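Let me begin by presenting the structure, written as structure tokens, before commenting on it.
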Amino acid sequence: MPDHQTVAIRLSLTGTILSPTGSHLGGKISMRADNPTIQKIKQEIKSQLLLQGYLPQSGGYVYPASDDIVAHVFSSMGLGPDEDMMRDWKAGDKVTIHTRLEVECSLRDGMAFFRGVSVV
Numbered sequence: 001m002p003d004h005q006t007v008a009i010r011l012s013l014t015g016t017i018l019s020p021t022g023s024h025l026g027g028k029i030s031m032r033a034d035n036p037t038i039q040k041i042k043q044e045i046k047s048q049l050l051l052q053g054y055l056p057q058s059g060g061y062v063y064p065a066s067d068d069i070v071a072h073v074f075s076s077m078g079l080g081p082d083e084d085m086m087r088d089w090k091a092g093d094k095v096t097i098h099t100r101l102e103v104e105c106s107l108r109d110g111m112a113f114f115r116g117v118s119v120v
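As numbered in the working numbering, residues 1 to 120 make up the sequence shown, in order.
In structure tokens form, the structure reads like this:
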């Protein structure tokens, strides 16, 4: 298995992400994940990479490639604190997303680095 390869991992995760940071064409909104959600994502990624043989059975490590993990979600995928859709969120609101996620991981030397998380 070559180093520096990128692997797409599909995850099913419920977590809290911070309010939108920008919107894109097609109804997608960029959001930043909070730290507990980043930790959940890391554990799920590690479990999947171990199962698929990408990380050594002795463990390996999974790190965010950056402190800012950005989630790209469709505007119909999440609800705010008062069951409002994303268009009604304001800065500082926390929301829970129930969906399947795809995470891009770069692998090298028994370590996995990830940054982007997308709805699939």
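From the three backbone atoms N, C-alpha and C, an ideal C-beta is built for every residue, glycine too.
Given the structure is predicted, the values throughout are model-derived calculations rather than measurements.
CA-CA distance, P64 to C105, rounds to 9 angstroms. Going by DSSP, P36 is part of the alpha helix (DSSP H) stretching over N35 to L51. In this structure A112 does not touch I41 by the C-beta definition: roughly 11 angstroms separates them, more than the 8 angstroms allowed. Following the DSSP letters along the chain, one finds Y61 inside the beta strand (DSSP E) bounded by residues Y61 to P64. For the pair G110 and P56, the CB atoms are nearer than the 8 angstroms cut-off.
Assignment of beta-bridge partners to L55 by DSSP yields no partner.
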